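I have placed the structure first, in the form of structure tokens, so that the comments after it can refer back to it.
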Amino acid sequence: MAFLVVLVSVLAFTPMMSAYAEVQVQVYIAFKGYALGRCLLAEITPAFQVVWYGLGLGSLALNGYAEARVYGEFDMPWFEMYGWSYATTPEGYVGAVGFLAARWFENNKLHQLSVAIYSRPTTLADLQPETDKFIIGWDEGSALSCRGVYKIGSHSQYVSGAIALWGTGIETDYVMANLWFEDYFFHIRWYNETVSLSDTLIIPAAAIFVRDVKLL
Numbered sequence: 004m005a006f007l008v009v010l011v012s013v014l015a016f017t018p019m020m021s022a023y024a025e026v027q028v029q030v031y032i033a034f035k036g037y038a039l040g041r042c043l044l045a046e047i048t049p050a051f052q053v054v055w056y057g058l059g060l061g062s063l064a065l066n067g068y069a070e071a072r073v074y075g076e077f078d079m080p081w082f083e084m085y086g087w088s089y090a091t092t093p094e095g096y097v098g099a100v101g102f103l104a105a106r107w108f109e110n111n112k113l114h115q116l117s118v119a120i121y122s123r124p125t126t127l128a129d130l131q132p133e134t135d136k137f138i139i140g141w142d143e144g145s146a147l148s149c150r151g152v153y154k155i156g157s158h159s160q161y162v163s164g165a166i167a168l169w170g171t172g173i174e175t176d177y178v179m180a181n182l183w184f185e186d187y188f189f190h191i192r193w194y195n196e197t198v199s200l201s202d203t204l205i206i207p208a209a210a211i212f213v214r215d216v217k218l219l
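Residues 4 to 219 (our numbering) are what the sequence shown spells out, left to right.
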């Protein structure tokens, strides 16, 4: 339960608390992230109550670039990202495409989620080429868009919403996705090594895990 309390606290934390010594720049940064394998998956209500959490099987691919307008010091423990990094501003630009697919068993039913990912004018990013860390959207308003199908058993429905993607971590690297839909909120996380979140919840290392952030 301690893990769930921390998880909900992180998901509820939406303001971006970075303290920039704003150095104006204009550089282009490419980023990509891939993950494939077993993952942590949690279904959460809009009021941040955990409905279900456990193991899933998923894959993620993301490619894009950002026009950074600010270079400054980033210090945000929730995002496990520290030091100097490049950031977009509302006048900047993020272009990205990708996909995410996940499947898991919940209440003895197979759940399957498959979405395409693409950027929108309000998408924001924070990027560290030196560490290969990135944050693409930190809340629903600054995230990427996603659209696809959510299937529970034999019932399918079309879904559309927002998705924020993080490639970060300190002791253990991970790629994380937060997805907002009208009636659903999903938290998905792939680790690059086996992690024990509780006595009963052990997340195996993802089979493939790649992050790459670089100046163009």
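All residues carry an ideal CB built from backbone N, CA and C; glycine is no exception.
Just so it is clear, the structure is predicted and the values come from calculations on it, not from any experiment.
Residue i: first and last residue of the uninterrupted beta strand (DSSP E) it sits in
i       : result
Gln-160 : 158-171
Asp-215 : 211-218
Ser-148 : 147-155
Ala-3   : With the chain running from 4 to 219 in the structure shown, residue 3 is simply not present.
Residues that DSSP places opposite residue i in a beta bridge
i       : result
Ala-90  : Val-73 and Asp-129
Phe-137 : Leu-130 and Gly-170
Glu-46  : Trp-55 and Phe-189
Phe-102 : Ala-64 and Ala-119
Gln-27  : Val-73
Separation of residue j from residue i, as counted between CA atoms
i       : j       : result
Phe-184 : Ser-62  : 19 Å
Gly-67  : Gly-101 : 9 Å
Gly-140 : Ile-206 : 25 Å
Trp-193 : Tyr-31  : 27 Å
Thr-91  : Ile-166 : 17 Å
Cys-149 : Gln-27  : 31 Å
Asp-186 : Tyr-37  : 27 Å
Leu-218 : Leu-58  : 35 Å
Arg-123 : Pro-93  : 11 Å
Phe-189 : Leu-182 : 5 Å
Ala-210 : Ile-138 : 22 Å
Val-216 : Lys-112 : 38 Å
Asp-135 : Gly-170 : 8 Å
Ser-157 : Gly-98  : 35 Å
Gln-29  : Val-73  : 7 Å
Gln-160 : Ala-119 : 15 Å
Glu-46  : Gly-75  : 35 Å
Ala-208 : Val-54  : 24 Å
Pro-80  : Gly-144 : 21 Å
Glu-174 : Val-152 : 34 Å
Ala-33  : Pro-132 : 9 Å
Collapsed DSSP secondary structure at residue i in the structure displayed
i       : result
Phe-82  : helix
Glu-109 : strand
Gly-61  : strand
Thr-203 : coil
Gly-36  : strand
Pro-18  : Its pLDDT being 42, under 50, Pro-18 is placed unreliably by the model, and the measurement read from it follows with that caveat. Looking at Pro-18 - three-state DSSP - the assignment turns out to be coil, as it is neither helix nor strand.
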